[in-house]
Amino acid sequence: MNKHNRSTVEPIVLTREFNAPRQLVFEAWTQVEHLKNWQFPQQGFSCHYVSADIRPGGSTLHKMTAPNGHEMWLLTKYEEVNPPASLVFRQYDSNEAGEILPNPHMPNWPKELRATVRLEEQDGKTHLEFVWQPVDPTEEQAKAFEAARAQLGGGWGGSFEQLAAYLETL
Amino acid sequence: MARAPTTFDPFNAIAEPKRRALIEVLAGREMTVNQIVQRVGWNQPTVSKHLGVLKQVGIVSERKEGRHRVYNVNAAQLKPIKEWVVQFEQFWNHSLDQLEDYLNELQSKGVQDE
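This is the structure in C-alpha cells:
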C-alpha cells in the first residue's frame, strides 16, 4: 500500500443493528420529522431544523440545544441520497446563518470529513454502517485522523472515560 | 512560540497513550516530575519528554515552587479535545442510540394503532 497516496486513509467505522425495516431506517435519516427526534447525543437535548433540502447537492441547517441551553449549529451538505440503501454527506460546525466555523484549536484535524451511511436489511432487521473519512487530507491531517481511528478502534479505554468524566466537570 | 519540527496540536498530543495517562494523573492536582515518576513508574526522561509535548500545546503548565517545578493541567486547553470527544466518539454513537430508541418507539406505536 502506498502511504503517500492520500486516498488510502482508512475510515472510522461505526456499525449498528436496528430492529426495524430498512425503509423506515432510511426515512429516519432523510426526513426532518424523523431526524429532529433523534439527531442529538442524549435525552434532554432538542433538535430544530431551520432548513432542509435532503437530496444530492442539497443541505440542511439545524440546531441542537443542550439541557444547559448551549446551542450548536450544524450544516450538512448531502452528496448522495440513494433510497433506501445509502446516503453520503459532509457535516460542519456552523453559525445560525449556516456559515462554516473553523476550528482554530485543532490545525491538524482534517478540514472536511465525509460520512457514508449504508443500510442492509436481513430478516427484518437493518444493519447500519456509518463511515467517517477525511476529504483530501494533507499528510498531517491524515496522521491525526489515523491516530484518532487507532484510539477509537483500540478504545480510548477506561482511562479515557475518566478523562472524559473530568472534562465534564470543567 | 518556538516552532518544533513536528506540529503538535492538542489532539496529536493526546493521541499518545502515555500522554493521556499523564493528563489523568495531573488532572485536578499539582505534581513535581519526581512525584509523577513515582506515580506512573516510568523513568524520568520519559516523563519529561511527554510533559514537554503537553507543555508545548499548553495542556500542561508549570510553575516554580521553591526549588521545584510543579505541573498541572491547563483545563482550558482541553476544551477542544472535549469538543472532539463529543463530536466523534460520543456524538454519533449516542445519536445512533437515540435512533434505535426512536425506531423502537415508532414501531410500537404502529402496532398500537393497528
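Protein sequence lines, in the order shown, are assigned to chains R and F. Going by my numbering, the first sequence opens with residue 1, and the numbers climb by one from there. Going by my numbering, the second sequence opens with residue 1, and the numbers climb by one from there. Cβ coordinates follow ideal geometry from the N, Cα and C atoms, glycine included.
| Asked | Found |
| --- | --- |
| Rounded C-alpha distance that separates Glu-71 (chain R) from Lys-63 (chain R) | 7 Å |
| 8 Å contact criterion, which Ala-115 (chain R) and Val-131 (chain R) should meet: CB distance rounded | 7 Å |
| For Lys-55 (chain F): DSSP bridge partner residues | None, per the DSSP bridge assignment. |
| C-beta neighbour in chain R for Gln-56 (chain F), strict 8 Å | no |
| The stretch 81 to 94 of chain R in contact with the stretch 20 to 28 of chain R per 3-pair CB rule at 8 Å | yes |
| Minimum length 3: unbroken beta strand (DSSP E) runs contained in the stretch 18 to 63 of chain R | 46 to 52 |
| Three-way DSSP call (helix, strand, coil) for Arg-20 (chain F) in this model | helix |
| Amino acids of chain R, ordered along the chain, whose beta-carbon sits closer than 7 Å to that of Gln-38 (chain F) | Result: empty, since nearest Cβ-Cβ is about 19 Å, beyond 7 Å. |
| Minimum C-alpha distance to Gln-43 (chain R) - residue among F:Leu-96, F:Gly-58, F:Arg-29 | F:Leu-96 |
| 8 Å CB neighbourhood of Phe-40 (chain R) in its chain, flanking five on each side removed | Ser-46, Cys-47, Met-64 |
| DSSP three-state assignment for Glu-168 (chain R), whether helix, strand or coil | Residue placement at Glu-168 (chain R) is flagged as unreliable, the pLDDT there being 49, under the threshold of 50; the coordinate-derived value follows with that caveat. Glu-168 (chain R): helix per DSSP, three-state reduction. |
| Coarse secondary structure for Glu-65 (chain F), derived from DSSP in three states | strand |
| Close beta carbons around Val-13 (chain R), own chain, < 6 Å, minus the five adjacent residues each side | Val-131 |
| Close beta carbons around Asp-9 (chain F), own chain, < 7 Å, minus the five adjacent residues each side | Val-57 |
| Beta carbon proximity, Trp-38 (chain R) to chain F, threshold 8 Å | yes |
| Residues within the stretch 99 to 110 of chain F neighbouring chain R, beta-carbon criterion of under 8 Å | Leu-99, Glu-100, Asp-101, Tyr-102, Leu-103, Asn-104, Leu-106, Gln-107 |
| Close beta carbons around Glu-16 (chain F), own chain, < 8 Å, minus the five adjacent residues each side | His-50, Val-53 |
| Spatial distance of Ala-4 (chain F) from Asn-108 (chain R) (CA atoms) | The predicted model places Ala-4 (chain F) with a pLDDT of 44, which falls under 50 and marks its position as unreliable, so this point remains unresolved. |
| Exposure of Ala-28 (chain R), with buried meaning 16 or more beta-carbon neighbours within 10 Å | buried |
| Delimiting residues of the beta strand (DSSP E) encompassing Arg-118 (chain R) | 113 to 122 |
| Where Gln-91 (chain R) falls, given that 16 or more other Cβ within 10 Å makes a residue buried | buried |
| Rounded separation between Leu-119 (chain R) and Trp-42 (chain F) - CA only | 47 Å |
| Element boundaries [beta strand (DSSP E), containing Pro-137 (chain R)] | Premise fails: Pro-137 (chain R) is in no beta strand (DSSP E) and is neither H nor E. |
| Limits of the alpha helix (DSSP H) - the one that Arg-29 (chain F) falls within | Per DSSP, Arg-29 (chain F) belongs to no alpha helix (DSSP H) and is neither H nor E. |
| Boundaries of the beta strand (DSSP E) in which Asn-82 (chain R) is found, first to last residue | 71 to 82 |
| Trp-92 (chain F) in three-state terms, based on DSSP | helix |
| Extent of the continuous beta strand (DSSP E) to which Asp-93 (chain R) belongs | 86 to 94 |
| Any C-beta of chain R under 8 Å from that of Trp-92 (chain F) | yes |
| N- and C-terminal bounds of the alpha helix (DSSP H) containing Asn-43 (chain F) | No alpha helix (DSSP H) contains Asn-43 (chain F), which DSSP labels as neither H nor E. |
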